[in-house]
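Enquirer: Numbering that gives the first Met the number 0 numbers the first residue of the sequence shown as 0 and each following residue consecutively.
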Amino acid sequence: MDEFKQQAGAGWRRCGRGRGYAIMGMMVALWAGAPAARAAPVPAAGTVEIRRTAYGIPHILAHDDHALGYGIGYAYAQDNGCLLADEIITVTGQRSRYFGAAAPAGDGTRNVDSDFFYRWLNDPAALTAVWERQPAAIQALVRGYAAGYEHWRQEAPDASGANAGAGACRNQPWVRAVTADDIMALMRRLQVHAGLGQFARAVVAAQAPAAVARPGTRSDTKPDTHAAAGQATLPDWQAFSQQYGSNALAVGKDLSANGKGLLLGNPHFPWQGPLRFYQMHLTIPGEVDVMGASLAGVPVINIGYNQGLAWTHTVDSARHFTLYRLKLDPRDPMRYLVDGKPEALKPVQVTVQARGDDGAIHPVTHTFYESRYGPVLTVPGKLPWDTGQAYAMRDANLDNWRFLKQWYEINRATSVAALRASLQQTLGIPWVNTVAADSTGQTWLGTLSVVPGVDDAKLRDCAVAPAQGPLIVLDGARSACAWEGKGGGQDGIMAPASLPALARTDFVQNGNDSAWMSNPAAPLTGYPALANRQDTALGARARYALHWLAGRGERAIAPADLRGMLMSNRVYLADLADDGLARFCAAPADGLGNDNGRAKDDAALLAQACQALRSWDHTARRDSTLGYAYFAAGMQALRGLPQAWAQSFDPHRPLTTPTGLNAGDPAVAAALRQALIDTARQLKQAGMGPDTRWGDIQISTRGKQRIPIGGGLGDLGVYNATQSGALPDGRREVTYGSSYIQLVSFTAEGPRAQTVMTYSEASDPASPYAADQTLLYSGGGWVDVPYTEQQIRADPHYRSTVLRVQP
0 MDEFKQQAGA
10 GWRRCGRGRG
20 YAIMGMMVAL
30 WAGAPAARAA
40 PVPAAGTVEI
50 RRTAYGIPHI
60 LAHDDHALGY
70 GIGYAYAQDN
80 GCLLADEIIT
90 VTGQRSRYFG
100 AAAPAGDGTR
110 NVDSDFFYRW
120 LNDPAALTAV
130 WERQPAAIQA
140 LVRGYAAGYE
150 HWRQEAPDAS
160 GANAGAGACR
170 NQPWVRAVTA
180 DDIMALMRRL
190 QVHAGLGQFA
200 RAVVAAQAPA
210 AVARPGTRSD
220 TKPDTHAAAG
230 QATLPDWQAF
240 SQQYGSNALA
250 VGKDLSANGK
260 GLLLGNPHFP
270 WQGPLRFYQM
280 HLTIPGEVDV
290 MGASLAGVPV
300 INIGYNQGLA
310 WTHTVDSARH
320 FTLYRLKLDP
330 RDPMRYLVDG
340 KPEALKPVQV
350 TVQARGDDGA
360 IHPVTHTFYE
370 SRYGPVLTVP
380 GKLPWDTGQA
390 YAMRDANLDN
400 WRFLKQWYEI
410 NRATSVAALR
420 ASLQQTLGIP
430 WVNTVAADST
440 GQTWLGTLSV
450 VPGVDDAKLR
460 DCAVAPAQGP
470 LIVLDGARSA
480 CAWEGKGGGQ
490 DGIMAPASLP
500 ALARTDFVQN
510 GNDSAWMSNP
520 AAPLTGYPAL
530 ANRQDTALGA
540 RARYALHWLA
550 GRGERAIAPA
560 DLRGMLMSNR
570 VYLADLADDG
580 LARFCAAPAD
590 GLGNDNGRAK
600 DDAALLAQAC
610 QALRSWDHTA
620 RRDSTLGYAY
630 FAAGMQALRG
640 LPQAWAQSFD
650 PHRPLTTPTG
660 LNAGDPAVAA
670 ALRQALIDTA
680 RQLKQAGMGP
690 DTRWGDIQIS
700 TRGKQRIPIG
710 GGLGDLGVYN
720 ATQSGALPDG
730 RREVTYGSSY
740 IQLVSFTAEG
750 PRAQTVMTYS
760 EASDPASPYA
770 ADQTLLYSGG
780 GWVDVPYTEQ
790 QIRADPHYRS
800 TVLRVQP
């Protein structure tokens with residue numbers, strides 16, 4: 000794109016020499032063994048060895064998949080056993096039994112509503128069907144994982160080991176044995192997390208209007224509680240794209256300092272709960288040698304690297320579900336019409352056990368309603384179920400049985416070509432982009448995930464007036480509006496050829512935008528709208544990354560450069576808004592009036608805010624001044640104003656628009672003024688003066704320790720995205736953001752990785768690994784992670800545990 004070339008100058012000419020390479024066929028081998036230099040010892044049959052190095056990172060060495068799964072389950076439980084036990088109770092619909100029906104689950108949903116949803120999602124028939132489709136190797140991994148967790152559960156707490164504090168929950172009744180079915184239930188929860196999982200309350204809330212409900216369908220909970228649950232659904236879904244983000248930047252041989260691949264992976268995920276990553280190294284000598292991080296219960300590496308390949312993921316902007324508007328039969332509103340023919344809504348009753356106030360356990364029943372498309376859902380005032388219409392959801396990942404198989408293959412792919420071949424054949428990635436670099440200097444980005452088979456022609460023909468903003472609602476009264484296509488052996492989803500992908504030898508990047516501007520030299524256009532949006536404004540993080548790349552000129556990129564780019568905590572939008580803010584602060588009190596004492600107080604507070612903005616260096620480091628707090632508050636106040644920018648988005652200039660704060664607009668000035676005054680007042684009330692630093696405000700609490708944390712909002716262009724929630728004392732506790740960060744390069748000796756787990760390995764507060772990496776991250780440190788056998792054994796914190804594997 001010309002705009003990018005103009006920014007990059009001579010550096011662009013260098014980038015432009017990169018060439019895409021031909022797609023290799025499906026015969027590319029995925030199973031390349033480790034090089035001889037790795038020389039890991041082959042463990043005895045029936046055993047698994049767990050070697051921990053600095054910061055408690057486990058290196059798990061096994062002779063087969065079952066033993067490897069055993070070691071993963073045991074090591075994870077040592078650090079996060081209580082977290083996993085709680086999540087298993089959630090996904091199997093047992094929270095009400097142990098914690099009471101009305102108490103809130105981790106996401107705020109009532110336990111009984113959570114239980115209803117997961118009992119419906121993970122009914123025995125569905126779990127059996129998924130299990131039977133798993134390859135034998137996956138079944139062995141999962142069984143091993145469950146058995147390894149059970150080893151931990153039965154083990155006496157070890158006062159000197161990583162599991163010393165994990166015994167805090169060990170004897171609780173809800174910490175039970177885990178089965179392979181339980182692990183598969185957790186996998187299904189992860190698969191639908193970006194779709195049905197965000198609408199769980201709305202699915203539970205779906206109750207037929209009293210006037211049309213048939214005898215024999217019932218719910219033992221009150222209708223008004225379901226309505227309240229459904230009302231919270233749309234904010235849940237809309238917040239998902241803000242809370243779950245990620246950055247990825249893969250540098251190829253044309254730009255890297257050593258001519259090999261270089262990858263920065265920076266997923267933005269929750270700091271609490273089951274979506275925390277866990278770092279580990281998995282080795283079966285001669286078969287797999289992969290390191291990285293995974294989510295709770297997952298017995299493979301989700302984001303990581305091996306001897307030839309490094310990959311990461313970013314939450315994609317593709318659609319993974321659609322709604323269908325059902326036209327109800329006027330003669331029987333419990334039926335809906337398809338091509339004029341009636342079909343009955345299928346009632347599905349689910350019963351859970353709930354603990355009452357008296358401690359007694361009693362059954363509670365709820366009825367779900369299913370259409371040919373999927374479950375009926377309701378959101379009061381937005382997605383109603385009345386006598387004329389109802390809405391149902393079809394989630395493409397509900398039938399995605401390939402979730403674990405896909406990452407099992409990725410773990411063994413040692414080149415970009417092998418990775419791409421696997422993704423094209425299996426197509427099991429649920430809702431993320433994949434970005435990768437390999438040891439030969441190739442890079443690749445692909446939105447090869449599970450996307451509904453709705454091309455643009457069908458979308459134009461079948462879309463009905465959207466019920467709520469960006470939701471896609473199709474006409475359920477016509478069979479012609481059903482999904483079409485096939486990918487990975489699954490009907491109704493887009494084939495890989497319809498999904499955007501790009502191979503380069505200079506770079507590819509993503510910051511949760513569509514794949515359109517992955518590399519401006521080769522815009523990805525012409526793909527279906529559900530898979531790839533073009534001519535839409537880029538997010539501020541992607542613009543920052545592209546601006547940084549263009550500004551490097553002829554300089555090659557080394558790992559230290561990417562480290563600095565991320566940890567500078569630059570607030571990119573502050574650079575774009577600086578002139579407008581300066582004009583605003585030249586006369587900030589205009590419009591306040593001067594006829595009362597409050598106006599004078601407000602003017603003084605506003606002057607204080609403007610002084611902080613003037614002296615601010617446009618960063619969100621932990622030692623940054625209060626200018627960041629003021630800027631963030633001001634920009635948040637402007638989010639709903641389309642005229643906030645003087646130059647609006649121009650699809651012909653996507654890298655430089657929108658830009659220029661439109662502070663001369665009265666509405667913009669008024670919103671900015673009020674936000675700055677309110678923020679100044681709040682800071683004053685909290686006792687925070689001019690010497691306060693951002694790290695005094697944004698913290699992560701570990702016991703009595705408050706650890707200062709840098710980083711800021713991703714939509715302000717802070718690459719090291721961090722979200723935090725207000726505390727009563729005026730401080731802010733980190734809730735989401737940078738999680739497992741990996742910076743991987745390749746050398747003649749193999750991969751070299753620097754990583755940091757921002758919230759540390761262990762969720763158990765008594766663990767020695769509950770805060771160590773958080774303190775490291777706070778100070779700007781990274782872990783030089785050992786990978787080879789020599790490096791592992793040379794680590795000063797090395798210690799080994801050998802377990803006898805049980806069936």
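C-beta: ideal position from N, C-alpha, C; glycine also.
Which residue's Cα is closest to the Cα of Q673: A292, D589, W547?
Expert: Q673 has its Cα closest to that of D589, out of A292, D589, W547.
Enquirer: Apply the 10 Å Cβ neighbour rule to R839 and answer buried if 16 or more other Cβ atoms are within range, or exposed otherwise.
Expert: For residue 839 there is no data in the structure shown, the boundaries of the chain being 0 and 806.
Enquirer: Ignoring anything shorter than 4 residues or poking outside the segment 22-109, list the alpha helix (DSSP H) runs there in chain order.
Expert: Qualifying alpha helix (DSSP H) stretches, in chain order: 64-90, 94-98.
Enquirer: Can you tell me which residues form a DSSP beta bridge with S799?
Expert: According to DSSP, which records beta bridges pairwise, S799 is partnered with R50.
Enquirer: What is the residue span of the beta strand (DSSP E) that Y323 lies within?
Expert: Element bounds for Y323: 320-328.
Enquirer: Quick one, which of L322, A643, S614, G639 has its alpha-carbon nearest Y629's?
Expert: Among L322, A643, S614, G639, the Cα nearest to that of Y629 belongs to S614.
Enquirer: Can you list the beta strand (DSSP E) stretches of 3 or more residues lying completely in the segment 463-518, in chain order?
Expert: Runs found: 472-474, 500-503, 506-509.
Enquirer: Please report how far the alpha carbon of A496 lies from the alpha carbon of D505, in whole angstroms.
Expert: So the two alpha carbons sit approximately 23 Å from each other.
Enquirer: Alpha carbons only, please: which of Q306, T721, R701, G779 is nearest the one belonging to Y735?
Expert: Considering only alpha carbons, the answer is T721.
Enquirer: T678 by DSSP, collapsed to three states: which one?
Expert: T678: helix per DSSP, three-state reduction.
Enquirer: Roughly how far, in whole angstroms, is the beta-carbon of A353 from the beta-carbon of R96, given that I think they are within contact range, below 8 Å?
Expert: Sure, about 7 Å apart at Cβ, within 8 Å.
Enquirer: Determine the burial state of D490: buried for a count of at least 16 other Cβ atoms within 10 Å of its Cβ, exposed for fewer.
Expert: Exposed: under 16 other Cβ atoms inside 10 Å.
Enquirer: Count the other CB atoms, across all protein chains shown, that sit within 10 Å of the CB of E788; report buried if there are 16 or more and exposed otherwise.
Expert: Counting Cβ neighbours within 10 Å, E788 comes out buried, since at least 16 surround it.
Enquirer: So for M186, helix, strand or coil by DSSP?
Expert: Helix.
Enquirer: Nearest by alpha-carbon distance to G639: which of A670, R652, L654 is it?
Expert: Among A670, R652, L654, the Cα nearest to that of G639 is on A670.
Enquirer: Where do the ends of the alpha helix (DSSP H) carrying Q424 lie?
Expert: That run of the alpha helix (DSSP H) goes 415-425.
Enquirer: Nearest CA to the CA of D331: which residue from T773, D338, E342, L322?
Expert: D331 has its Cα closest to that of E342, out of T773, D338, E342, L322.
Enquirer: Could you give the distance in angstroms between the alpha-carbon of D578 and the alpha-carbon of A611?
Expert: Distance between the alpha carbons of D578 and A611: 15 Å.
Enquirer: Could you give the DSSP three-state label for Y758: helix, strand or coil?
Expert: Here Y758 sits in coil by DSSP.
Enquirer: Going by C-alpha distance, which of C81, A176, A184 is nearest A124?
Expert: Per the Cα distances, A184.
Enquirer: For E748, count neighbouring Cβ atoms within 10 angstroms of its own Cβ and tell me buried if that reaches 16, exposed if not.
Expert: When all chains shown are included, E748 counts as exposed.
Enquirer: Using CA coordinates, which residue listed in A436, S370, H150, R532 is at the minimum distance from S478?
Expert: For the residues A436, S370, H150, R532, the minimum Cα distance to S478 belongs to S370.
Enquirer: Comparing alpha-carbon positions, which option in N246, L120, W151, N396 lies nearest D78?
Expert: Comparing Cα-Cα distances from D78 to each of N246, L120, W151, N396, the minimum goes to W151.
Enquirer: In whole angstroms, give me the CA-to-CA distance for S245 and H267.
Expert: Computed Cα separation, rounded: 5 Å.
Enquirer: Buried or exposed for T661, please, with buried defined as at least 16 other CB atoms from any protein chain shown within 10 angstroms of its CB.
Expert: Per the sequence presented here, residue 661 reads as Asn, with Thr not at that position. It is buried - the Cβ of N661 has at least 16 other Cβ atoms within 10 Å.
Enquirer: How long is the line joining the alpha carbons of Y571 and Q171, rounded to whole angstroms?
Expert: One C-alpha to the other measures close to 48 Å.
Enquirer: Evaluate contact between the segment 123-141 and the segment 378-386, counting only Cβ atoms and requiring at least three cross-stretch pairs below 8 Å.
Expert: Too few Cβ pairs lie closer than 8 Å, so no.
Enquirer: Can you say whether A799 is buried or exposed, counting buried as having 16 or more other CB atoms within 10 angstroms of its CB?
Expert: For the record, residue 799 in the displayed sequence is Ser; it is not Ala. Classification of S799: exposed, given that the 10 Å Cβ count is below 16.
Enquirer: Is the segment 752-767 touching the segment 679-696, taking contact as three or more C-beta pairs under 8 Å?
Expert: No, they do not touch.
Enquirer: Cα separation between Y786 and H280?
Expert: Cα-Cα distance, rounded: 8 Å.
Enquirer: For E732, which beta-bridge partners are listed by DSSP?
Expert: I698, G724, per the DSSP bridge assignment.
Enquirer: State buried or exposed for P499, treating a residue as buried only when at least 16 other CB atoms are found within 10 Å of its CB.
Expert: Result: buried.
Enquirer: Is R582 buried or exposed, if buried means 16 or more other CB atoms sit within 10 Å of its CB?
Expert: That one is exposed.
Enquirer: Between the beta-carbon of G251 and the beta-carbon of Q424, is there less than 8 Å?
Expert: Their beta carbons are not under 8 Å apart, which means G251 does not touch Q424 by this criterion.
Enquirer: Distance, Cα to Cα, V375 vs A420?
Expert: Roughly 37 Å between the two C-alpha positions.
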